[in-house]
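The structure under discussion appears below in the form of structure tokens.
Protein chains in written order, with the numbering used here: chain A, 12 to 253; chain B, 80 to 382.
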């Protein structure tokens, strides 16, 4: 079943076309990788889906309903949440309050503080942050702040989560821990994941399917294996002979 | 737990405030009235600026509007209605200007609020001049002691609002907006609506305070009702006291009212200079304010 459908999506920034006529769909329950070099349009695509930018043309449908041009908070309430490539914790708030706030709002718009706190603690434990619950978010290491970013997103009870380079800047060991954590999280929930990742190996391991963006165009779509063997993808990554 | 102790301290404070008129006489009431007024104003300011980080340097406009509405209505309707109408007028005005103003952040919001307050001041001056009125008087208003108790209620209400907002879902939203507005939006917080609600809420009590203050001074004159020093003092008190803690404005107001009583009596010409130096010292060396220094670790809402 199609959860998210991106249809003929284009985005211009002034004269620059960041996305050209992109179409693809994410099925419910899958991990869809989005691959592409710097400037390929990956983050722009996330900003459009999450409502931080308005598309110039085209449509985005979530559960059959158009969401393009909707405000980010309304999109979150519909069930889509994104994380940010450069983490954006509520720095002065405690780790617990960061996640609790997301549980109080998010898709459920939870009215009960007790329930929100319980949900937040559960998610913190799941991501190995339970012992840091009372510390200010600003005191966490980068790896822990990235986990907090995911914890806060999960607390909104999303159906679709957009992970924007959550593994960038981490060590090999940390990346392996992250991959395991993401799989664990998905197993426990009815969750669909879109991943943008520069760490190619991680993306290939994690994704059920991959779409490849190149200079704002979608040039390939398929299983990680098929995509890795695609000639256009190889040419885009290794450079075309001139 | 320290809860019972804190509760006892608050109750003691209220009891002391109620006993001021019989125990301390006219001068005591005058100082306590001014203290209650500043507590009410600074606590209201916290709801917007302390919690969301949108620093308003124009809160005098709500005080001034309240005073204006108060003086216009004071002799025509029962005084309770005049005070409530003043609060509604200021809250309503906050909704109208907040809608466009809250789209800008940081220094732009600071300048915009300051500008709006000055604009309204001159509009009222022109309006009054056009009507041929240069100052309005309130004759036969309530006694100072009655006004003191009304002001005390407003101070208590403002403090209670700050307390309740701080622990509520609404308060979590406001702090998230302060910490990172884009992230707040992403986790499903309707930031525009919450900011506007905080702005309106932080304007209502200052409007009511304005109406009581005008009855106390018995005359209305736009230059003093919309005096930007009112805005500056609110900010200074909240910053000196600590702007993310409901005890902050209380301590800041007590400190500054006490200081100004001392200085007005002994060295009125350097009062503003000392105020400026103090603000600079606190911003540089103790941004968490007196409350932040006194009650470490500053615990946020626990549930």
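Backbone N, C-alpha and C define an ideal beta-carbon position, used for all residues, glycine too.
Fair warning: this is a prediction, and the values are worked out from it, not measured in the lab.
| query | result |
| --- | --- |
| 7 Å CB neighbourhood of residue 63/A in its chain, flanking five on each side removed | 83 |
| Whole-angstrom distance between residue 268/B and residue 165/B, CA atom to CA atom | 31 Å |
| Listed by chain order, chain B residues near residue 175/A by CB distance under 8 Å | Residues of chain B passing the Cβ test: none, with the nearest at roughly 11 Å. |
| 7 Å Cβ cutoff, residue 326/B in contact with chain A | no |
| Residue-level contact to chain A via CB, residue 268/B, 7 Å cutoff | yes |
| Alpha-carbon spacing of residue 146/B relative to residue 168/B, whole angstroms | 10 Å |
| Coarse secondary structure for residue 365/B, derived from DSSP in three states | coil |
| Contact list for residue 120/A against chain B, beta-carbon separation under 8 Å | 267 |
| Residue 152/A in three-state terms, based on DSSP | coil |
| Closer than 7 Å to chain A by CB, residue 340/B | no |
| Bridge partners - residue 175/A, DSSP secondary structure assignment | 207/A |
| Interface flag, residue 66/A vs chain B, CB-CB below 7 Å | no |
| Between the CA atoms of residue 72/A and residue 78/A - distance to the nearest angstrom | 6 Å |
| Residue from 224/B, 87/B, 181/B and 189/B whose Cα sits closest to the Cα of residue 99/B | 224/B |
| Own chain partners of residue 350/B with C-beta closer than 7 Å, once the 5 adjacent residues on each side are dropped | 339, 342 and 343 |
| Chain-order list of residues whose beta-carbon lies under 6 Å from that of residue 148/B (same chain, five-residue window excluded) | 164, 165 and 168 |
| Residue 121/A, buried or exposed, once every other Cβ within 10 Å from all chains shown has been counted against 16 | buried |
| Contact the stretch 246–263 of chain B vs the stretch 84–101 of chain B: 3+ CB pairs below 8 Å | no |
| Contacting residues, own chain, Cβ-Cβ under 7 Å from residue 47/A (five flanking each side not counted) | 53, 223, 224 and 225 |
| Chain B contact for residue 2/A (CB, 7 Å cutoff) | Examination of residue 2/A is not possible in this model, given that chain A is present from 12 through 253 alone. |
| Pairwise C-alpha distance: residue 122/B and residue 234/B | 8 Å |
| Validate contact between the stretch 200–216 of chain A and the stretch 137–148 of chain A using beta carbons, cut 8 Å, 3 pairs | no |
| 7 Å Cβ cutoff met for residue 112/B and residue 227/B | yes |
| Among 96/B, 84/B and 83/B, nearest to residue 329/B - alpha-carbon criterion | 96/B |
| Unbroken beta strand (DSSP E) run spanning residue 225/A, endpoints | 220–225 |
| Neighbour list for residue 115/A in chain E, Cβ cutoff strictly below 7 Å | Annotation note: the requested chain E is absent from the structure, which comprises protein chains A and B. |
| Beta bridge counterpart(s) of residue 20/A as assigned by DSSP | 33/A |
| Nearest-angstrom Cα separation, counted from residue 126/B out to residue 277/B | 6 Å |
| Rounded separation between residue 365/B and residue 358/B - CA only | 10 Å |
| Backbone CA spacing between residue 18/A and residue 74/A [nearest angstrom] | 14 Å |
| Distance CB(residue 298/B)-CB(residue 214/B) smaller than 7 Å | yes |
| Alpha carbon of residue 261/B to alpha carbon of residue 130/B, nearest angstrom | 16 Å |
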